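First the structure, in the form of structure tokens, and then the observations on it.
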């Protein structure tokens with residue numbers, strides 16, 4: 678079984694500092710929130726089928742915090758913790774958390790004698806692959822479209838398993854390899870440098886979950902096509918979703934003729950409706966932390982069921 682300290686398999690040469698830079702302007706990133714909210718809604722539909730009563734919930738890669746309020750509404754007695762590597766995004770999350778709290782303060786004071794107070798929301802700035810929590814301290818790890826920005830997802834899975842309590846649930850979404858396939862084809866007319874992430878395959882994620890010690894992982898995927906009236910609008914959304922954080926990305930300027938070849942390749946993809954389509958392969962996964970079969974020293978744990986009289 679993999680652990681957070683085990684040798685990691687890098688999914689791609691992602692520059693973590695570049696990721697933080699790309700998400701340092703919340704107003705630019707917000708342009709793609711329509712897609713994040715749609716996928717979050719579909720995740721919540723899946724979550725509603727799982728009967729859990731968590732005491733502590735972690736939103737890994739919480740961004741500006743749109744899922745924090747929904748998680749708190751779903752689990753009002755739970756402590757909700759959001760973690761993100763971008764201080765700018767967390768500032769937006771802080772404002773979002775404080776606004777409804779301020780509006781409801783007087784009402785809460787009136788009801789405090791009749792109803793238990795909500796456990797609240799805490800925010801942390803850091804790497805969700807290196808968490809400041811002890812073992813068995815989280816009941817639900819939720820992560821929406823964040824995992825693909827980390828270069829070592831197998832290590833992240835091992836870390837999430839470490840902090841989850843026995844029977845704790847992991848639920849996440851991320852982009853799969855067909856995401857931006859039209860854009861990759863268009864950029865191939867420009868040069869051979871990778872201009873988008875080589876997103877990890879769903880089956881590889883399933884294998885990594887098993888290696889990390891999760892039980893019965895359930896993986897599924899769907900493809901969403903967003904259509905655009907022009908190339909600039911399409912590229913603006915790609916930048917808002919996160920852009921290109923690869924350490925191997927092209928650093929020099931792109932000439933006008935070369936850029937035009939890429940634009941022409943995208944223009945040639947217009948459908949009968951005159952729109953340019955962009956594919957998003959969305960992977961959904963959930964898994965539980967099972968009851969351990971061995972001790973920390975490697976000794977087997979044997980459980981006996983009491984005999985019924």
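Numbering (my numbering), first residue to last: 678 to 986.
Glycine is no exception: its CB is placed at the ideal position from the N, C-alpha and C atoms.
In this text, all values refer to a predicted model and were calculated from it rather than measured experimentally.
What residue does the alpha helix (DSSP H) around residue i start on, and which one ends it?
i, result
"residue 881", "879-889"
"residue 746", "743-751"
"residue 760", "Element bounds for residue 760: not the alpha helix (DSSP H) but the beta strand (DSSP E), 756-761."
"residue 704", "703-706"
"residue 721", "710-724"
"residue 864", "858-864"
"residue 835", "830-840"
"residue 689", "Here residue 689 belongs to no alpha helix (DSSP H), and DSSP marks it neither H nor E."
Look at the alpha carbon of residue i and the alpha carbon of residue j, and state the distance between them as a whole number of angstroms.
i, j, result
"residue 691", "residue 826", "7 Å"
"residue 875", "residue 866", "18 Å"
"residue 792", "residue 967", "Note that residue 792 scores 36 on pLDDT, short of 50, meaning its location in the model is unreliable; the coordinates nonetheless yield the value given after this. Spanning the two alpha carbons is a distance of roughly 34 Å."
"residue 924", "residue 696", "10 Å"
"residue 951", "residue 906", "7 Å"
"residue 891", "residue 693", "26 Å"
"residue 772", "residue 714", "18 Å"
"residue 748", "residue 909", "35 Å"
"residue 864", "residue 939", "5 Å"
"residue 761", "residue 912", "25 Å"
"residue 896", "residue 709", "24 Å"
"residue 969", "residue 843", "8 Å"
"residue 797", "residue 756", "5 Å"
"residue 815", "residue 960", "23 Å"
"residue 807", "residue 943", "39 Å"
"residue 893", "residue 835", "15 Å"
"residue 933", "residue 941", "12 Å"
"residue 719", "residue 847", "15 Å"
"residue 622", "residue 728", "Nothing can be reported for residue 622: it is not among the residues displayed for the chain, which extend from 678 to 986."
"residue 733", "residue 882", "25 Å"
"residue 730", "residue 717", "20 Å"
"residue 810", "residue 707", "29 Å"
"residue 851", "residue 711", "15 Å"
"residue 837", "residue 965", "11 Å"
Is the beta carbon of residue j closer than 8 Å to that of residue i?
i, j, result
"residue 947", "residue 870", "no"
"residue 888", "residue 954", "no"
"residue 817", "residue 767", "no"
"residue 722", "residue 853", "no"
"residue 900", "residue 956", "yes"
"residue 820", "residue 849", "yes"
"residue 840", "residue 885", "no"
"residue 862", "residue 921", "no"
"residue 741", "residue 701", "no"
"residue 699", "residue 962", "no"
"residue 830", "residue 824", "yes"
"residue 833", "residue 805", "yes"
"residue 745", "residue 736", "yes"
"residue 764", "residue 802", "yes"
Kindly identify the DSSP beta-bridge partner or partners of residue i.
i, result
"residue 737", "760"
"residue 819", "736 and 848"
In the DSSP assignment, the beta strand (DSSP E) including residue i goes from what residue to what residue?
i, result
"residue 799", "798-802"
Could you tell me if the beta carbon of residue i falls within a distance shorter than 7 Å of some heavy atom in the ligand MN?
i, result
"residue 914", "Of the ligands one can find in the structure shown there are none, so the ligand MN has no counterpart to examine."
* To do: Would you list, in sequence order, the uninterrupted alpha helix (DSSP H) runs of no fewer than 4 residues that lie entirely inside the region 884-970?
  => 908-918 and 933-944
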